[in-house]
Every structure is written in C-alpha cells, then in structure tokens.
Amino acid sequence: MHKIDTKTWTVDKNVDELHPAIVEAAERLKQGEVIAFPTETVYGLGANALETAAVKKIFAAKGRPSDNPLIVHIASTQQLSLLIDEELSEKSKRLIEEFWPGPLTIIFKRKEGISELVTAGLVTVAVRMPDHPVALSILKAANLPIAAPSANRSGKPSPTTADHVKQDLDGLIDGIVDGGSTGIGIESTVIDMTGIIPTILRPGGITLEQLQQVLGQVTLDPAIQHQQEKPRSPGMKYTHYAPLGEMWIVQGEEHRRIEQMKQLIEKQIKLGKKVGILTIEEHKDYFPLADSIIAYGSKDNLYPMAEQLYQALRTFDIQGVDFILTESVDESGIGLAIMNRLRKAAGHKIIDVDNL
Ligand code: AMP
Ligand code: MG
631 MHKIDTKTWT
641 VDKNVDELHP
651 AIVEAAERLK
661 QGEVIAFPTE
671 TVYGLGANAL
681 ETAAVKKIFA
691 AKGRPSDNPL
701 IVHIASTQQL
711 SLLIDEELSE
721 KSKRLIEEFW
731 PGPLTIIFKR
741 KEGISELVTA
751 GLVTVAVRMP
761 DHPVALSILK
771 AANLPIAAPS
781 ANRSGKPSPT
791 TADHVKQDLD
801 GLIDGIVDGG
811 STGIGIESTV
821 IDMTGIIPTI
831 LRPGGITLEQ
841 LQQVLGQVTL
851 DPAIQHQQEK
861 PRSPGMKYTH
871 YAPLGEMWIV
881 QGEEHRRIEQ
891 MKQLIEKQIK
901 LGKKVGILTI
911 EEHKDYFPLA
921 DSIIAYGSKD
931 NLYPMAEQLY
941 QALRTFDIQG
951 VDFILTESVD
961 ESGIGLAIMN
971 RLRKAAGHKI
981 IDVDNL
C-alpha cells in the first residue's frame, strides 16, 4: 500500500474543541481523511460515517474484512436522527440517559444515507457517544457522525496508547491525536435493542449487571462465551487481539489450575520456549520459572487487568515470548469482557483442569 505521511498531534487529555490541533484534526476528517484518536475504551480510527470513500480508507488501513461493520460515534443525541430510522423506545432512552457518554454501543434500525460500508450491508447501525474529552472535542469540532473501529491492524490487540497505533498504522493513516493512554482498556459493550429482549452482542466497559439494573431482562449472545459459526455481531467471528506467541487459558479450580500452569511452564521451557504468564497480582510469585510474568488487578478488582490487557499482549510480542499462559478469571462484572477477549486472543485454546 502507498505510504502516507501520518501526522501526530499531542494534546492534553482535557482539551476542548477550540484547541488548534483538534480543529485541524476535525477539518481533516471533514475532508475525508482517516484520523486516530483516544476514547475512554481504546484508540479509535475515525472517518466521516456519511462518506463511503472516507470509510473505505478505514477498512484499507486496518485490513479489516468488509463484512465487519463499524461503530458510529456521536457527540450529541441530536445526531441520532442522522443515523437511525425509529422512535427511541423507552428502554433505549433509559440506556442513553444512564450510560452515555460512556462505553456502551447501542444497535438501532439504520437510516438510509449512512455509508453501506459502515453497516456492512446490515439493516442496523451501531452507535455510541464516547466519554473522553479528546474524542468528544473532535466530534463536536467536526460536527459529523464519525465511524471509528479500534485503531489497530485487524487481528491484533486493540491500541490503548498512541504508540500502539503507530506500531500498527504509521504510514497508513492521515493522523493520530495523542491524548495519552485510554482508561478502561477494552472496548465498549455492544447491546442490540432492535429485538424484544435486549441482547448483549459483545461484553465490554458496561457490565451485564449494570445493564440488568436498568433494563431488567437482558440476554447474552452465545458467541460471547463459546466459539460460534455465525455470531450476531459479525466482528465476533474473527481472530482478534492475537499475540504472536501461542496462547492458552487455564481454567477450573484454583489450586489445580496453578499446578497445571507450573507443569506446562516446565515442559515448555524444556522445549526451549520463552514462556509468558498473564495473571492477577495475588498469583504473581507462583511461577518463578516463567521468563515473563505480567500481573494486573486482583480477584476483588479486575479493572486494572482490563486496562492493561492489550498492552500486556503487545509486551509479550516485543519480548519475543512464544508460549503464553493465562488464568481464567471470574466471569462476573468486567470479568465477562476480560474472559471474552482472552478466549479470542487465545483462539479458544482452553485447558479445563476440572475436566482433564
Ligand atoms: P470495533 O469497532 O473494532 O470495536 O468493532 C465493532 C464491533 O461492533 C464489531 O464486533 C462489530 O461486529 C460490531 N457491530 C458494529 N455494527 C454492528 C451491527 N449493526 N450489528 C451487530 N454488530 C455490530
Ligand atoms: Mg476492533
């Protein structure tokens, strides 16, 4: 692909829409360019959602399959009328009130006029309002709905810093607004509100429990916990977040799990492999033989693990780790999203010590 000059603007996390860097980035988006910027989840790669030629550049830069639709980002609920072809239901209104701006993407019936590429030909569109001053300022300055998937090459871990974006997309996109590292570290929750019962298609920053409190009954798409041929969120079927090394999840009763991990580490080291461990802080001293141990968060608070997960996978790549073992975490709260991403990163390679 033809290399382009990728401009970087470094801004304070709390900029407003009048900052010259924001004005310039927004102007370039209006002209059909593709620009990466931070959100509270991960860095997004933005383009004008109403212009097919601009959106095409996102797919080209990422190497993203064209049947994987994009999330459209907005700065105000007024912009919804450009995108959706329905009166907001009471439940959707409550979601918006409670969680926007924030890491919740809502699937609505789409309106004509949005680029078909954005929705990958579906009759629905995914929309969210990000909770990050840099993202919101760019959206306000551009005054356009901006389609923005994660700003990584397709298949790689999502970027949580501007450096990660550069590692993947330097020379392939028009610009990067560097506003420091993102907060939550994993992507938004995607909820489909077009059916009778709200359905989570992808777990993320807003938990199932939070959604149940507002909506009552909420179902989980089976693809979240098990590998499926045809998930309802097209993106869920692709390899994603994958590190270069072979990765396995060890799950089941804690003591047996740790014993199993120790045995596997020994075996792999004998085979001459460089072994990396991703675990929680309580367990970081259990694996002295491993070459690299990355530990974040604890049983009581898994948010730091979410925040550092993609960075950890990229670190293993940089260290040349060729065998990665990670422990399962409890799938309540943010744990559901963490396990979903770990399963995908591991290509669903799981050892269940309770079923050996
Ligand atoms: P990313 O932007 O890389 O975080 O990925 C966006 C996610 O939202 C992917 O898993 C998409 O498949 C999903 N998505 C986007 N639009 C829709 C839609 N209309 N229906 C279902 N899932 C969608
Ligand atoms: Mg992505």
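Each residue of the sequence shown is one higher than the one before, starting from 631 at the first, in the numbering used here. Here a beta-carbon is modelled for each residue, glycine too, at the ideal position from N, C-alpha and C. Since the model is a prediction, treat every value here as computed from it, not as a measurement.
Put simply, the backbone Cα of PHE729 is about 34 angstroms away from that of LEU955.
Shown here, MET891 sits in a helix according to DSSP, grouped into three states. Annotation for ALA666: the continuous beta strand (DSSP E) segment containing it runs 665-668.
DSSP, reduced to helix, strand and coil, places ALA925 within a strand of the structure shown.
ARG971 is classed as buried because its beta carbon has at least 16 other beta carbons within 10 Å across all chains shown.
Contact between ALA771 and ALA656 is confirmed by a C-beta separation of about 3 angstroms, below the 8 angstroms threshold. At least one heavy atom of the ligand AMP sits closer than 7 angstroms to the Cβ of GLY865.
The beta carbon of SER722 sits no closer than 7 angstroms to any heavy atom of the ligand MG.
For PRO833, the distance from the CB to the nearest heavy atom of the ligand MG is not below 7 angstroms. Scanning LEU700, VAL764, ARG724 for the CA closest to the CA of THR707 turns up ARG724. About 16 angstroms separates the beta carbons of LYS721 and LEU831, which is beyond the 8 angstroms limit, so they are not a contact pair. Counting only residues whose CB is nearer than 6 angstroms to a non-hydrogen atom of the ligand MG, the list in chain order is PRO779, SER780, SER788. Under the three-state reduction of DSSP output, ASP822 falls in the strand class. Not one heavy atom of the ligand AMP lies closer than 7 angstroms to the C-beta of ARG758. Using a 10 angstroms sphere on the CB of ASN985, the tally of other CB atoms stays under 16, which defines it as exposed.
Spatial neighbours of ILE899 in its own chain (CB-CB distance under 7 angstroms, excluding positions within 5 residues in sequence) are listed in chain order as VAL905, LEU919. Judged by their CB atoms, ALA975 and LEU943 are nearer to each other than the 8 angstroms cut-off.
When rounded, the separation of the alpha-carbon atoms in LEU841 and MET877 is 31 angstroms. With contacts defined as CB atoms closer than 8 angstroms, VAL672 and ILE688 fail to qualify as a contacting pair. With a threshold of 7 angstroms, the Cβ atom of ILE701 counts as near the ligand AMP, since some heavy atom of the ligand is closer than that. Cβ contact annotation for ILE836 (same chain, cutoff 6 angstroms, sequence separation greater than five): PHE729, PRO733, LEU734, THR819, in chain order. A distance criterion of 7 angstroms places the beta-carbon of ASN698 in contact range of the ligand AMP, judged by its closest non-hydrogen atom. For LEU966, the three-state secondary structure derived from DSSP is helix. The C-alpha of SER719 lies about 43 angstroms from the C-alpha of ILE981.
For the pair GLU957 and HIS913, the CB atoms are nearer than the 8 angstroms cut-off. Taking C-beta atoms under 8 angstroms as the contact rule, SER784 and ARG862 fail to qualify, at a distance of about 20 angstroms.
In this structure, the straight-line span from the alpha carbon of ASP635 to that of ASP808 is close to 16 angstroms.
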